[in-house]
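Trainee: The structure that follows is given in the form of structure tokens.
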Amino acid sequence: MSFLIACPTCGARDVNEFVYAGEVTSRPETTPTQGELGRYVYFRRNVAGVQREWWFHRFGCELWFIAERDTRSNEVLTTQRAVPRSPGEMPAPQTPAVPDTPAV
24 MSFLIACPTC GARDVNEFVY AGEVTSRPET TPTQGELGRY VYFRRNVAGV QREWWFHRFG
84 CELWFIAERD TRSNEVLTTQ RAVPRSPGEM PAPQTPAVPD TPAV
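Residue numbers (the numbering used here): 24 to 127.
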């Protein structure tokens with residue numbers, strides 16, 4: 024199934040220009056236990072509905088960005104640039120700096 028994604032820089036493009044890198048996750052803030060680390064690395068929510076995801080525009084501007092996509096219909100609701108973290112500053116939940124654990 025093909026659909027369009029609106030790159031924050033280039034505008035609407037075919038999904039085949041992009042690489043999906045998994046849903047947005049949150050890293051454990053402290054030293055994680057083995058169980059917490061295992062859940063962070065291996066488990067995803069995988070919702071049937073709107074999900075925040077990492078995408079990379081590989082055949083365009085090479086920008087990492089976050090898209091909100093409805094997994095039931097592949098409709099992309101919003102896209103936004105990923106904002107880098109500054110040292111010592113906690114990022115807002117909607118603006119992580121890099122994909123925590125890309126899907127492989």
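Using N, Cα and C, we set each Cβ at its ideal position, and we do this for glycine too.
Would you report the Cα separation of GLU52 and TYR63, rounded to the nearest angstrom?
Mentor: Locating residue 52 in the sequence shown gives position 29, where the first residue counts as 1. Locating residue 63 in the sequence shown gives position 40, where the first residue counts as 1. Straight-line Cα distance between these residues: approximately 11 Å.
Trainee: Checking the sheet assignment: what are the DSSP bridge partners for ARG36?
Mentor: Looking up residue 36 in the sequence shown gives position 13. Note: ARG36 sits in a beta bridge opposite ILE28.
Trainee: Just to confirm, are THR102 and ALA29 a CB contact at a threshold of 7 Å?
Mentor: Here residue 102 is taken as the residue at index 79 of the sequence shown, counted from 1. Here residue 29 is taken as the residue at index 6 of the sequence shown, counted from 1. Yes; because the gap between Cβ atoms is below 7 Å, this pair is in contact.
Trainee: Name the one or two DSSP bridge partners that GLU85 has.
Mentor: In the sequence shown, the residue the question calls residue 85 occupies position 62. According to DSSP, which records beta bridges pairwise, GLU85 is partnered with nothing at all.
Trainee: For the candidate residues THR56, TYR65, ARG75 and VAL70, whose alpha-carbon lies nearest to that of TYR43?
Mentor: Translated into positions along the sequence shown, residue 43 becomes position 20. Comparing alpha carbon positions, the residue from THR56, TYR65, ARG75 and VAL70 closest to TYR43 is ARG75.
Trainee: For PHE26 versus HIS80, is the C-beta spacing smaller than 7 Å?
Mentor: For the purposes of this step, residue 26 is identified with residue 3 of the sequence shown, where counting begins at 1. For the purposes of this step, residue 80 is identified with residue 57 of the sequence shown, where counting begins at 1. Cβ distance not < 7 Å, so PHE26 and HIS80 don't count as in contact.
Trainee: Check whether the Cβ atoms of VAL175 and GLU91 sit closer than 7 Å, and answer yes or no.
Mentor: The requested residue 175 does not occur in the structure, where the chain is confined to residues 24 to 127.
Trainee: Taking Cβ to Cβ, would you say GLY45 is nearer than 7 Å to TRP87?
Mentor: Along the sequence shown, read from residue 1 onward, the residue named residue 45 stands at position 22. Along the sequence shown, read from residue 1 onward, the residue named residue 87 stands at position 64. No, Cβ-Cβ distance for GLY45 and TRP87 is not below 7 Å.
Trainee: Within 10 angstroms of the Cβ of VAL47, are there 16 or more other Cβ atoms? Answer buried if so, exposed if not.
Mentor: To locate residue 47, count along the sequence shown from 1; it is residue 24. VAL47 is buried by the Cβ-count criterion.
Trainee: Under 8 Å by Cβ, that's how I've got PRO31 and ARG104 pegged, so tell me the actual separation to the nearest angstrom.
Mentor: Looking up residue 31 in the sequence shown gives position 8. Looking up residue 104 in the sequence shown gives position 81. Contact flag correct, Cβ pair sits at about 5 Å.
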